[in-house]
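Structure, as structure tokens:
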Amino acid sequence: MAGINESSPISAARSTVDKQRQDGERKRGPKEKPKRPPMRESVSDVIFIMGIPAAEVTPKVQEAISIIMNELDHMRGQMNYAHDHIAWLEGLSEEHSFLPVMNARGFMRELSRIITHSARMETVSSLLCVHFMNIEDIRRDHGYAAVKSALTNAVDVISGKLRATDIIGSLGGDDIWVILTVVNGEEAKMKALELTRAIEESGAVHKGDVIFLKPACGVHVLPAGETGEAAVDAADHDMRAEIRR
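For what it's worth, our numbering labels the leading residue of the sequence shown as 2, then goes sequentially.
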């Protein structure tokens, strides 16, 4: 969609949004963060740094310094482990249970941040609510596992149509939510139509059956000063109006 990919509003704002989003991802931390190698000084290095005269470095002094260094290494390892574990837990706290998207906590935090950032930079961003009208039919006819397969496929389709600065998440139900950063209302409606068609044309295979979702998409432009909850209500209202149309 040319309107979004080549949108004119403030390229600097996009880069700032991208940087802030990357910063947020770093704060949440990856699922598995690699351990940092221990930084082990030699006894001679410690003696030099502490300014101990070589003549006073007896075997017992070396032994004492070695014991202290081993304790420091142990403490450093414990701190590294605690840091990694906290990052892992923070990541889990903002991830959906089975979809590769943010959960309600993470998404609402990002939504509030984007609203604030857009007001400060005087740009416009938009919120999409992607609802699936036949979820209950799929659950009744094929079971919950089929619903999970269909939703996972829909998320893959949506993610493939978004930019790195856009944000996708779930608020706990079967709807998928998307923040289109630095995108006005007309561009958001075009993107909503693009996503709807792409989802309709992409079926999920479950136990030999091809399952198609029937999406309806609500669109809401994020005004300055609006709360995240109000934005969600507005996008949900537009989605329900779209179903009635």
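Beta carbons: idealized from backbone N, C-alpha and C, even for Gly. Here the structure is a predicted model, which means the values were calculated and not measured.
CA nearest to the CA of residue i, picked from the options
| i | options | result |
| --- | --- | --- |
| A105 | I169, R198, R246 | I169 |
| S126 | G209, E188, T59 | E188 |
| S119 | R198, N185, G209, D210 | N185 |
| I136 | C130, L196, K149 | K149 |
| T182 | G173, Q79, K192, A205 | K192 |
| G173 | D74, E195, H97 | H97 |
| M1 | A225, D237, D239 | Residue numbering for the chain in the displayed model covers 2 to 246; residue 1 lies beyond these limits and cannot be assessed. |
| D237 | L128, E227, F108, H75 | L128 |
| L196 | R140, G161, M134 | G161 |
| D157 | S67, Y82, P101 | P101 |
| E111 | D239, A235, L223, R246 | L223 |
| H207 | L194, Y145, R198, L73 | Y145 |
Residues near residue i in its chain [Cβ-Cβ closer than 6 Å; skip 5 each side]
| i | result |
| --- | --- |
| R27 | With a pLDDT of 37 at R27, under the threshold of 50, the modelled position of that residue is not reliable, and the figure given next carries that caveat. Here the set comprises nothing. |
| M103 | E95, G170 |
| M109 | G229 |
| R241 | none |
| A155 | I200, L214 |
| P38 | Confidence at P38 is low in this model, with a pLDDT of 49, below 50, so its placement is unreliable and no value can be given for it. |
Enclosing beta strand (DSSP E) for residue i [first to last residue]
| i | result |
| --- | --- |
| F133 | 126 to 133 |
| V179 | 177 to 181 |
| G170 | 168 to 170 |
Rounded distance between the beta-carbons of residue j and residue i, thought under 8 Å
| i | j | result |
| --- | --- | --- |
| W178 | C130 | 6 Å |
| A232 | I159 | Actually they do not touch by this definition, with Cβ atoms about 18 Å apart. |
| D249 | H132 | Residue coverage of the chain in this structure runs from 2 to 246, which leaves residue 249 outside it and unanswerable. |
| M134 | I244 | 7 Å |
| A151 | A235 | Not a contact, Cβ separation roughly 26 Å. |
Same chain, Cβ closer than 8 Å to residue i, neighbours up to 5 away in sequence not counted
| i | result |
| --- | --- |
| E201 | F213, L214, K215, P216 |
| I5 | For I5, the pLDDT reaches just 46, beneath the cut-off of 50, and the residue's location in the model is therefore unreliable, leaving the point undetermined. |
| D210 | H143, A147 |
Residues of its chain near residue i, where Cβ-Cβ distance is below 7 Å and the 5 sequence neighbours each way are ignored
| i | result |
| --- | --- |
| K190 | V220 |
| S113 | G229 |
| D239 | G219, V220, H221 |
| R140 | V148 |
| E227 | I116 |
Element boundaries [alpha helix (DSSP H), containing residue i]
| i | result |
| --- | --- |
| T153 | 145 to 161 |
| T59 | Per DSSP, T59 belongs to no alpha helix (DSSP H) and is neither H nor E. |
| L112 | 105 to 122 |
Within-8 Å CB hit, residue i to chain C
| i | result |
| --- | --- |
| A165 | Checking the listed chains, one finds no chain C in this structure; it contains a single protein chain. |
Quick check on the DSSP output: what are the complete beta strand (DSSP E) runs of length 3 or more inside the region 183 to 229, in order along the chain?
Counting only runs of 3+ residues, the beta strand (DSSP E) found wholly inside the region 183 to 229 occupies 205 to 207, 210 to 212, 216 to 223, in chain order.
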